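Participant: Take this structure first; my questions come after.
There are 2 protein chains.
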Amino acid sequence: MDLSKLDARLDALDADGYLIDADSTDADQYYLSGFDAPDPFLTLYDGSTHLLFVRSLEFGRAKRESRAASVERFTDYGYDDRLEADGRREAAHRTRAAFLDAYDVEAVAVPPRFPLQTADGLRKQGIEVVADAEQTVTAVRASKTDEEIDHVRAAQRANEAAMAAAEDLLGQAEIDGDRLLVDGEVLTSERLKEEIEVTLLRRGCALDETIVACGADAADPHDRGSGPLRPHEPIIIDIFPQDKTTKYHGDMTRTFCVGEPDEQVREWYDLTERAYREALAAVEPGATGADVHDAACDVYEDAGLPTLRDDPGTETGFIHSTGHGVGLDVHELPSVGPDGGELEPGHVITIEPGLYDPAVGGVRIEDLIVVTDDGYENLTDYPVSLVVE
Amino acid sequence: MDLSKLDARLDALDADGYLIDADSTDADQYYLSGFDAPDPFLTLYDGSTHLLFVRSLEFGRAKRESRAASVERFTDYGYDDRLEADGRREAAHRTRAAFLDAYDVEAVAVPPRFPLQTADGLRKQGIEVVADAEQTVTAVRASKTDEEIDHVRAAQRANEAAMAAAEDLLGQAEIDGDRLLVDGEVLTSERLKEEIEVTLLRRGCALDETIVACGADAADPHDRGSGPLRPHEPIIIDIFPQDKTTKYHGDMTRTFCVGEPDEQVREWYDLTERAYREALAAVEPGATGADVHDAACDVYEDAGLPTLRDDPGTETGFIHSTGHGVGLDVHELPSVGPDGGELEPGHVITIEPGLYDPAVGGVRIEDLIVVTDDGYENLTDYPVSLVVE
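As given, the protein sequences belong to chains X and Y, one line each in that order. If you read the first sequence in this note's numbering, its first letter stands for residue 748, the second for the next number, and so on. If you read the second sequence in this note's numbering, its first letter stands for residue 748, the second for the next number, and so on.
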């Protein structure tokens, strides 16, 4: 874990420390503290790391499991003595300020989404609190160590197994009018998701959501899909599991069709595969996320299809970024979109162009890759093919 | 959804509106907006509800699915025109301010954990932003409608099935020295969790985590447990699934022992069952969460065991609250601990006393109940028994 960028940022902001107030579902908190807890706690980084817990509940485990130099509690900083005179909220603010004071911290930088009430409370105690617009801890997380890349790789292996289970189930389906049947039962989005999720669970992965979307559902990139799947229509399957032990994610999308896609869908698929290959070809250290995004947009716009680059108000066509970073968060830095900065070796990103229109459905192809010294390595080992045999 | 408490709070704070900036994993956001989205968006409540999205991606679905009176985008408030002159961040602040201005909102109340950068940006644009220490939307969520209670009930039914599957697996175990064997394989925490999670998944529930903890692991209420389960020791199983469709949670804990618990464990179990029954007996409208917590603490302290009430620094004994609200969040208001206020009909809460000591292990019993006009209804239908037959 190389925190030199964070040290430099603290210098630039004239801050004595970086402060996080969050539970460990906040990836910055988990990364900086090295501790997994369901309730919010305070992490102070001032060259080394110090944790402050409201209650004793996590204290013992934090001492054993966290990477912190010190683990402390509200009660160690006079919280209980202040309660009667100050009330709970004011006592909490004074306790946090006393903790910072113990480390000679008078000015802190905090993540942009740091809780307002904590910030206002500290400010009232004379602590300077500045929101770090550059999200430096998030930015630091973008560059993965070899160990972190291995974690992502492992999650993507489970992802491939889940995608194969899903495709296998589609392969068993018989076309019955406008329905798909497996063992005589109507094949639904829910059934396919269950297959995917059980496969992932048995491989130690959790999942927020899985997308199995067909027809108009698939035309909305964030619709998870529901109900019967239909033949001859594109079915988008987007799987983004989190390894329960390491907490790192995988991410992959394929679009399948059982039966005969119509000409329009076939065209969209070929175009999206071209956009995906052009975007991949644009990935190298020194190129920006915006360059990669432009490569995908060029393909679509050259074919006369709308993109957000071309028309910021469009609701059809290519209506999202080409990709995003993946790690402890399934969406994290770096951006592979119009604002994407320079790509660096160790950045783990998705490449996932797609086309959407409620009248047609949706098509998307997504791989997960890592930027290397001379280009990229694809962390995804799964065929790109529309029609399920 | 009765928002009269929110209206009153806005009056008291002299605020024109309540503002949330979060994705829908934030339960207040999901509750107020009625919209499920993975990226942060703005919800303004000023008597009716207005949503503001950064990008177009969610626009169509939000118009169809949300409960909002209006759904708007950054681009509708001049974001793109401001970008070049102002830069991204400043343009975003001005765009949010323009949106508030369109509804004549000059002062907003926000949740305590509202993101600092958004608040500071709005303040710079002349908007008054005050953190609502009373978490009014969270407080409103504490009182459930009959429909919400049915959602919790359904999640708890799935929970009971999962607990039965786990107990069944323990029942199949043979004792082999200090190990448990099922079909010749060592029974682990991980194996039991998989059984629980697959059972829940097949019933439409997701889960953040499940606790199956034995021995010293169980002595830490937040340790999820790992490795082989041992005979003659208490095994804590705490399951808190979320129904994927409704997003409401269930919550239940049982402590099991395969083989013969020693005298100490048996004593702790009986004491915890007594604390659980005394706490349940204390539940009625008008009683406070603190009263219910006191009832549990009394049982433990009378038996000479430490509690946080008695000794705020203790790391063994009864080291957490007696319970918490359950709904869209698995931990929400009302509190059933030292700061717990008055209980009202429609409050859904857990009752879950427990004892912990690394030298002994842990014991906890937890039911989920709803406060009614004349007491409570237990939403949990599962036996309370230590020894697995």
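Even glycine gets a Cβ: it sits at the ideal position worked out from N, Cα and C. In this text, all values refer to a predicted model and were calculated from it rather than measured experimentally.
Return yes when the C-beta of Pro-862 of chain Y is under 6 Å from any heavy atom of the ligand GDP, and no when it is not.
Facilitator: In the structure on display, the ligand GDP does not appear, and there are no ligands present to speak of.
Participant: Select from the segment 928-943 of chain X all residues with a C-beta closer than 7 Å to any C-beta belonging to chain Y, and list them in chain order.
Facilitator: If the cut-off is 7 Å between Cβ atoms, the segment 928-943 of chain X has Glu-941 near chain Y.
Participant: Just to confirm the assignment, what range does the beta strand (DSSP E) spanning His-1071 of chain X have?
Facilitator: From DSSP, the beta strand (DSSP E) with His-1071 of chain X extends over 1070-1072.
Participant: Cβ closer than 9 Å: which chain Y residues qualify as neighbours of Pro-862 of chain X?
Facilitator: Simply Pro-858, Pro-859, Arg-860, Phe-861, Pro-862, Leu-863 and Ala-878.
Participant: Note down, in chain order, every chain X residue with its Cβ under 8 Å from the Cβ of Ala-709 of chain Y.
Facilitator: Nothing about residue 709 of chain Y can be read from this structure; chain Y reaches only from 748 to 1136.
Participant: Would you mind telling me which residues of chain X sit closer than 9 Å to Arg-808 of chain Y, beta carbon to beta carbon, in chain order?
Facilitator: Those within 9 Å of Arg-808 of chain Y in chain X are Asp-967, His-969 and Asp-970.
Participant: Select from the segment 827-842 of chain Y all residues with a C-beta closer than 8 Å to any C-beta belonging to chain X, and list them in chain order.
Facilitator: Listed by position, the residues of the segment 827-842 of chain Y near chain X (Cβ gap below 8 Å) are Asp-827, Arg-835 and Arg-836.
Participant: Quick one: list the residues of chain X neighbouring Arg-1024 of chain Y, beta-carbon separation under 9 Å, in chain order.
Facilitator: Within 9 Å Cβ-Cβ: nothing; Arg-1024 of chain Y doesn't reach chain X, min ~24 Å.
Participant: Determine the chain X residues that contact His-1067 of chain Y at a beta-carbon separation under 7 Å, and present them in chain order.
Facilitator: Per Cβ cutoff of 7 Å: Leu-804.
Participant: Leaving out five residues before and five after Pro-859 of chain X in sequence, what residues of the same chain have Cβ atoms less than 8 Å from its Cβ?
Facilitator: Ala-878, Asp-879, Ala-880 and Gln-882, listed in sequence order.
Participant: To the nearest whole angstrom, what separates the beta carbons of Leu-1102 of chain X and Leu-1052 of chain X, a pair I think is in contact under 8 Å?
Facilitator: About 7 Å; that satisfies the 8 Å criterion.
Participant: Look at the alpha carbon of Ile-1098 of chain Y and the alpha carbon of Gly-1060 of chain Y, and state the distance between them as a whole number of angstroms.
Facilitator: Taking the straight line joining both Cα atoms gives about 23 Å.
Participant: Going along the chain, which residues of the segment 1047-1068 of chain X sit with their C-beta nearer than 8 Å to a C-beta in chain Y?
Facilitator: Here the close residues are Leu-1055, Pro-1059, Gly-1060, Thr-1061, Glu-1062, Ile-1066 and His-1067.
Participant: When the Cα atoms are used, what is the spatial distance from Leu-766 of chain Y to Leu-1075 of chain Y?
Facilitator: If I take the Cα positions, the gap works out to 19 Å.
Participant: Who are the near neighbours of Tyr-826 of chain Y in its chain, counting only those whose CB is closer than 6 Å to its CB and skipping five residues on each side?
Facilitator: Around Tyr-826 of chain Y: Ala-838 and Thr-842.
Participant: Any contact between the segment 846-865 of chain X and the segment 849-868 of chain Y? By contact I mean 3 or more CB pairs, one from each, below 8 Å.
Facilitator: The segment 846-865 of chain X is in contact with the segment 849-868 of chain Y.
Participant: Distance cutoff 7 Å, beta carbons only. Does Ala-866 of chain Y sit that close to anything in chain X?
Facilitator: Chain X contact via Cβ: present.
Participant: Among X:Cys-952, X:Asp-1104 and X:Ala-759, which residue has its Cα nearest to the Cα of Glu-907 of chain X?
Facilitator: The option with the nearest alpha carbon to Glu-907 of chain X is X:Cys-952.
Participant: Would you mind telling me which residues of chain X sit closer than 7 Å to Val-945 of chain Y, beta carbon to beta carbon, in chain order?
Facilitator: Simply Val-945 and Leu-948.
Participant: Give me the chain Y residues within the contact set of Thr-822 of chain X, using Cβ-Cβ distance strictly less than 9 Å, ordered along the chain.
Facilitator: Correct list: Pro-1059 and Gly-1060.
Participant: For Ile-922 of chain Y, list the residues DSSP reports as bridge partners.
Facilitator: Paired residue(s): Y:Leu-927.
Participant: I believe Thr-935 of chain X touches Pro-975 of chain X by the beta-carbon criterion, under 8 Å. Please report the beta-carbon distance rounded to the nearest angstrom.
Facilitator: About 5 Å; that satisfies the 8 Å criterion.
Participant: Between the segment 1072-1086 of chain X and chain Y, which residues of the former have CB atoms less than 9 Å from a CB of the latter, in chain order?
Facilitator: Within the segment 1072-1086 of chain X, the residues whose Cβ lies closer than 9 Å to some Cβ of chain Y are Val-1077, His-1078 and Asp-1086, listed in chain order.
Participant: The alpha helix (DSSP H) with Leu-1126 of chain X in it runs from where to where?
Facilitator: No alpha helix (DSSP H) holds Leu-1126 of chain X; DSSP gives it neither H nor E.
Participant: Can a CB atom of chain B be found closer than 7 Å to the CB of Ala-839 of chain X?
Facilitator: Absence of chain B from the displayed structure is noted, the protein chains being X and Y.
Participant: Along the chain, where does the alpha helix (DSSP H) containing Val-1039 of chain X start, and where does it finish?
Facilitator: That run of the alpha helix (DSSP H) goes 1036-1049.
Participant: Would you decide whether Arg-836 of chain Y is buried or exposed? Buried here means 16 or more other CB atoms lie within 10 Å of its CB.
Facilitator: Exposed: under 16 other Cβ atoms inside 10 Å.
Participant: Mind checking which residues open and close the alpha helix (DSSP H) that includes Tyr-1103 of chain X?
Facilitator: Per DSSP, Tyr-1103 of chain X belongs to no alpha helix (DSSP H); it is in the beta strand (DSSP E), 1101-1104.
Participant: To the nearest angstrom, how far is it from the Cα of Leu-1115 of chain X to the Cα of His-840 of chain X?
Facilitator: Those two C-alpha atoms are separated by around 43 Å.
Participant: For Val-899 of chain X, tell me which candidate among X:Glu-1124, X:Ser-1132, X:Arg-814 and X:Val-1131 has the shortest Cα-Cα distance.
Facilitator: The shortest Cα separation from Val-899 of chain X among X:Glu-1124, X:Ser-1132, X:Arg-814 and X:Val-1131 belongs to X:Glu-1124.
Participant: Between the C-alpha atoms of His-1094 of chain X and Ala-889 of chain X, what's the straight-line distance to the nearest angstrom?
Facilitator: Approximately 6 Å between the Cα atoms of the pair.
Participant: Could you tell me the boundaries of the alpha helix (DSSP H) in which Gly-764 of chain Y lies?
Facilitator: Note, Gly-764 of chain Y: premise wrong, no alpha helix (DSSP H); beta strand (DSSP E) at 764-769.
Participant: Is the beta carbon of Ser-780 of chain Y closer than 7 Å to that of Glu-790 of chain Y?
Facilitator: It is Thr, not Glu, that sits at residue 790 of chain Y in the sequence shown. The answer is yes: Cβ separation under 7 Å.
Participant: Indicate the three-state DSSP secondary structure (helix, strand or coil) for Leu-947 of chain Y in the structure shown.
Facilitator: In this structure, Leu-947 of chain Y counts as helix in the three-state DSSP scheme.
Participant: What is the C-beta distance between Gly-1087 of chain Y and Thr-1035 of chain Y, in whole angstroms, given that I count them as a contact (C-beta under 8 Å)?
Facilitator: About 5 Å; that satisfies the 8 Å criterion.
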